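Numbering (the working numbering), first residue to last: 53 to 509.
Cβ coordinates follow ideal geometry from the N, Cα and C atoms, glycine included.
Since we're looking at a predicted model, the values are computed, not measured.
Notes to accompany the following structure.
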Amino acid sequence: MSDLRSINPSNGDIVGVYPQLSEQELNQLIAEVNSEFDLWRRIPIKDRCKYFKYLAEAIQIRKDEFARLMALEMGKPLFQGIGELDKCAWVCDYYADNGEKFLADQTIKTDASDSYVSFQPLGVILAVMPWNFPFWQVFRFAAPSMIAGNVAVLKHASNVQGCADAIEGLFIEVGIPNNTFRNLTIDSSKVDYVIENPFVKAVSLTGSTSAGKSVAQKAGSVLKKTVLELGGSDPYVVLKDADLDIAVDSCVSGRLLNSGQSCIAAKRFIVDINIQSEFEKKIINKMNKQKVGDPFLDKSTVGPMVNKAAKDELAIQVLKSIDQGAKLIYESDIPKSKTGCYHPIMVLSNVKPGMPAFDEELFGPVGCIITAQDESEAISLANQTVYGLGAAVFTSDIEKGKEIANIELEAGAGFVNDFVRSDPRLPFGGVKESGYGNELSSYGILEFVNIKTVYVR
Ligand code: NAP
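Below is the structure:
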């Protein structure tokens, strides 16, 4: 069983080595977490919420340190790391403030003397999480699930075990009862084994569609619930009456956040033919103001890709698309480094169905322009994907924008005149191969509870 390693994507240095848990250690740890469940679920919800208030404070106090850790392990520019940690504090506060209300019993009038619905926790929940938002993904799972009374084990991505340990450390620091949240230092080959563990009652996975399918299959075989937040190829539909400055700003922000490595990145710009040349000029101009560089430097807006394999895969997707007729209309500079995993910012035009840049998820700083003859072709191209996570439409006709975002686009979220992002107050989830189930908002807290009927004669 090989050790897990964190490798600095800016220079290839090894920043941490983490021996994996044996099966015996895993069984022991999961049993310890399970034994905490009875205590944790009986702590009044007000007090469970208080711990998440403390977590929000502790995150704020140490956010510089954690942003540096993310930059070191996965290359996120520091200012974006700070933004991510602010959001973690927000989601903890949000559920601490609203959890009790969301989970209050609901009386339903029937012929009983009393009948109501209550929301009971399930037990140990396994969270399988990705490296791209190493703190956010964990807290957006943990805050609602644990305030609902569940206990949790985290299998974080192999390359961000430093972040995983830091998160576990935060739970200990704020005094949450020992073993209500534990980190499992294992790689993905051990996930099936953990799902089989009888103490584990459900699984939340955020990651690629292939990982989601594998986990769903295993969990299905032992009848355990899953929530799956998977890949995406979000279309940004730019209609001919759009405010092009707003559209271009949103496309650039939506594409480049986290160096392009985000599930809800703007992966396909679908642009009306009448405004395409103006859109192209403006997007090149805006992309040219960005800076690919060392994530520790203030001026860097795009860092390295997470590792060499990811960089090479993106380069192949781009090359194949160009071979099939896509045009490279912009390419940025990158730092001169033999060992850094830097990929230039690029813009491809003339992207069409059948090319990797259209059909696959491009997980890096490459914008793809697809020409639409009119609104109806734009909508049809937007939906021509196996994914259905986010989508955006740009138009000065707000009513038309709402209609397209709400009714026409096949996605878990439809934004009008803005880039797609998550917000603790709004549900987040996908359709099609982007997964199922919801996180965040009042809906997210109900994913890992037993919605129980109580009937009194
Ligand atoms: P990934 O390879 O699927 O890894 C995600 C997590 O799943 C890691 O902990 C990984 O462990 C584990 N894993 C991988 N294969 C598995 C398998 N067959 N069985 C069980 N666990 C498995 O994804 P990634 O490359 O880290 O992240 C990028 C993907 O995540 C993109 O597709 C992106 O769109 C998606 N994503 C989705 C959301 C969302 O909310 N919808 C948010 C962020 C990212 P190891 O690290 O040990 O391999």
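Residue i, DSSP secondary structure in three states
i	result
serine 20	Nothing about residue 20 can be read from this structure; the chain reaches only from 53 to 509.
alanine 457	helix
alanine 204	strand
serine 432	helix
leucine 130	helix
isoleucine 327	helix
glutamine 172	strand
arginine 192	helix
isoleucine 199	helix
serine 215	With the sequence shown as reference, residue 215 is identified as cysteine, and serine is not the correct amino acid for it. Three-state DSSP puts cysteine 215 in a helix.
glutamate 462	coil
asparagine 502	strand
glutamine 376	coil
serine 302	helix
arginine 93	helix
leucine 56	strand
arginine 509	coil
Heavy atom of the ligand NAP within 7 Å of residue i beta-carbon
i	result
glycine 284	yes
glutamine 189	yes
glycine 214	no
methionine 398	no
glycine 248	Inspection of the sequence shows that residue 248 is occupied by glutamate rather than by glycine. Answer for glutamate 248: no, Cβ out of range of the ligand NAP.
threonine 258	yes
serine 54	no
histidine 395	no
methionine 198	no
leucine 78	no
tryptophan 142	no
asparagine 490	no
cysteine 315	yes
methionine 122	no
tryptophan 21	With the chain represented from 53 up to 509, any question about residue 21 goes unanswered, as that position is not in the structure.
proline 408	no
Burial state of residue i, where buried means 16 or more other Cβ atoms lie within 10 Å
i	result
isoleucine 325	exposed
glutamate 248	exposed
proline 369	Correcting the residue type first, residue 369 is glutamine in the shown sequence and not proline. When all chains shown are included, glutamine 369 counts as buried.
phenylalanine 118	buried
tyrosine 52	This structure cannot settle anything about residue 52, because the visible part of the chain is limited to 53 through 509.
proline 229	exposed
methionine 181	buried
leucine 275	exposed
tyrosine 507	exposed
serine 262	exposed
serine 165	exposed
glutamate 485	buried
glycine 272	exposed
Close-in-space but distant-in-sequence residues of the same chain around residue i (CB under 6 Å, 5 per side omitted)
i	result
tyrosine 106	Val226
serine 384	Val344, Pro396 and Ile397
lysine 372	Pro408
alanine 110	Leu222, Glu225 and Val226
cysteine 140	Ile111, Phe187, Trp188 and Phe191
glutamine 376	Met407
lysine 351	Lys343
Close Cβ partners of residue i (< 7 Å) along its chain, the five nearest in sequence each way excluded
i	result
leucine 56	Tyr70, Gln72, Ser210, Gln213, Thr237 and Asp239
leucine 155	Ile97, Phe171, Ala200 and Ile497
lysine 270	Asp244 and Ile247
leucine 121	Gly214, Cys215 and Ala218
glycine 487	Gly264, Leu280, Glu281, Leu282 and Gly481
alanine 317	Asp286, Gly306, Arg307 and Leu309
alanine 268	Thr278 and Leu280
Contact set for residue i: own chain, Cβ-Cβ below 8 Å, skip 5 residues either direction
i	result
leucine 492	Val143, Arg192, Pro196, Ser474, Asp475, Pro476, Arg477, Leu478, Pro479 and Phe480
aspartate 297	Lys334
Worksheet item: At which residue ranges does the region 235-297 contain complete alpha helix (DSSP H) runs of 4 or more residues, listed in the order of the chain?
Response: 243-248 and 261-273
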